[in-house]
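Structure record follows, encoded as structure tokens.
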Amino acid sequence: IAYRETVTKPSEGHHRHKKQSGGRGQFAECFLPLKPAPNDAAVVFIDDVVGGAIPRNLIPAVEKGIREIATQGILTHSQVVDVEVAVYDGKYHDVDSDEASFKKAGAWAFREGFMKAGPVLMEPVMNVVIRVPTEHAGAIFSDLTSHRRGTVLNQESEHDGHVTVIQAHAPLATLLTYHRDLKSQTAGEGTYTMKADHYARVPGNEQEKIISQVRRKHAEEE
Numbered sequence: 026i027a028y029r030e031t032v033t034k035p036s037e038g039h040h041r042h043k044k045q046s047g048g049r050g051q052f053a054e055c056f057l058p059l060k061p062a063p064n065d066a067a068v069v070f071i072d073d074v075v076g077g078a079i080p081r082n083l084i085p086a087v088e089k090g091i092r093e094i095a096t097q098g099i100l101t102h103s104q105v106v107d108v109e110v111a112v113y114d115g116k117y118h119d120v121d122s123d124e125a126s127f128k129k130a131g132a133w134a135f136r137e138g139f140m141k142a143g144p145v146l147m148e149p150v151m152n153v154v155i156r157v158p159t160e161h162a163g164a165i166f167s168d169l170t171s172h173r174r175g176t177v178l179n180q181e182s183e184h185d186g187h188v189t190v191i192q193a194h195a196p197l198a199t200l201l202t203y204h205r206d207l208k209s210q211t212a213g214e215g216t217y218t219m220k221a222d223h224y225a226r227v228p229g230n231e232q233e234k235i236i237s238q239v240r241r242k243h244a245e246e247e
């Protein structure tokens with residue numbers, strides 16, 4: 026399931042990357058305010074640095090670090106969307122600062138800011154149209170709303186009332202076995218179609234379950 030990650034409130038991330046291992050070191054520091062952006066805005070990056078706090082040639086490295094971690098995801102390895110992030114201040118070293126250092130500083134500052142900004146998981150919600158014999162309509166209606174976190178949008182009759190057509194929104198995560206379940210609930214007579222409609226926030230208790238499952242899976246793979 027293609028989950029997405031986003032934020033719900035403003036915050037600020039900060040990271041100082043400093044490494045000395047003999048010879049030339051690594052140094053970069055940046056400050057990144059974050060806030061929610063309009064839907065379908067992906068990640069909006071703004072350069073607000075003034076006064077040379079970070080050299081102009083190194084600011085693209087900050088953006089690259091942010092975009093890479095946003096693509097990888099932070100909560101569940103799902104893409105981060107609808108976030109506006111700016112870099113407005115930082116520090117550099119004439120010898121030790123380079124693109125790699127600022128890329129790391131940007132990524133870690135973004136991660137810190139993201140986790141302080143009320144991060145939430147977004148899930149794909151499907152538009153489902155279900156056709157069932159009318160005697161099964163009540164059970165299907167109840168199943169959608171009680172067990173699949175669905176919202177019924179419309180209900181109408183066809184074929185002189187013998188067939189009920191139900192239009193609903195339901196998260197894709199609750200529909201993965203729907204073909205089998207619908208056949209079982211309607212003695213093989215129910216049919217449905219579905220298509221992607223929009224993304225919506227995953228409820229808190231469900232979000233915790235998903236994050237735990239993803240982390241457990243990645244731990245097993247490692």
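Plus 25 on top of the position in the sequence shown (first one is 1) and you've got our numbering. In this text, a Cβ means the ideal position worked out from N, Cα and C, and glycines have one as well. Because the structure is a prediction, the values reported are computed rather than measured.
- Counting the other CB atoms within 10 Å of its CB gives Ile-26 a total below 16, which places it among the exposed residues.
- Taking the C-beta atoms as reference points, Pro-35 is found no nearer than 8 Å to Ala-193.
- If you keep only unbroken alpha helix (DSSP H) runs of at least 4 residues inside the region 133-211, you get 162-172 and 203-210.
- Contact between Thr-159 and Val-188 holds, since their C-beta atoms are separated by about 6 Å, short of 8 Å.
- Within the model, the alpha-carbon separation for Gln-45 versus Lys-116 is close to 17 Å.
- If one requires a minimum length of 3 residues, the beta strand (DSSP E) runs lying completely within the region 51-101 are 51-61 and 68-72, in chain order.
- No Cβ-Cβ contact shorter than 8 Å links Pro-58 with Glu-88.
- Between Phe-52 and Lys-43, the C-beta spacing is below 8 Å.
- Here the C-alpha atom of Ile-91 lies approximately 18 Å from the C-alpha atom of Thr-33.
- For His-39, the enclosing beta strand (DSSP E) begins and ends at 36-44.
- Annotated as proximal: Val-108 and Ala-62, with beta-carbon spacing under 8 Å.
- CA-CA distance, Arg-173 to Arg-226, rounds to 15 Å.
- Leu-100 is positioned such that its CB atom lies closer than 8 Å to that of Ile-236.
- Secondary structure note for Gly-229: its alpha helix (DSSP H) is the uninterrupted segment 229-246.
- For Glu-214, there is no enclosing beta strand (DSSP E), since its DSSP letter is neither H nor E.
- For a cut-off of 8 Å, the C-beta gap from Ala-221 to Met-147 is around 13 Å, too long to register as a contact.
- Straight-line spacing of the CA atoms in Gly-229 and Pro-144 works out to 11 Å.
- The closest CA to that of Val-106, considering only Thr-31, Gly-138 and Trp-133, is found on Thr-31.
- Between His-102 and Val-239, the gap from beta carbon to beta carbon is short of 8 Å.
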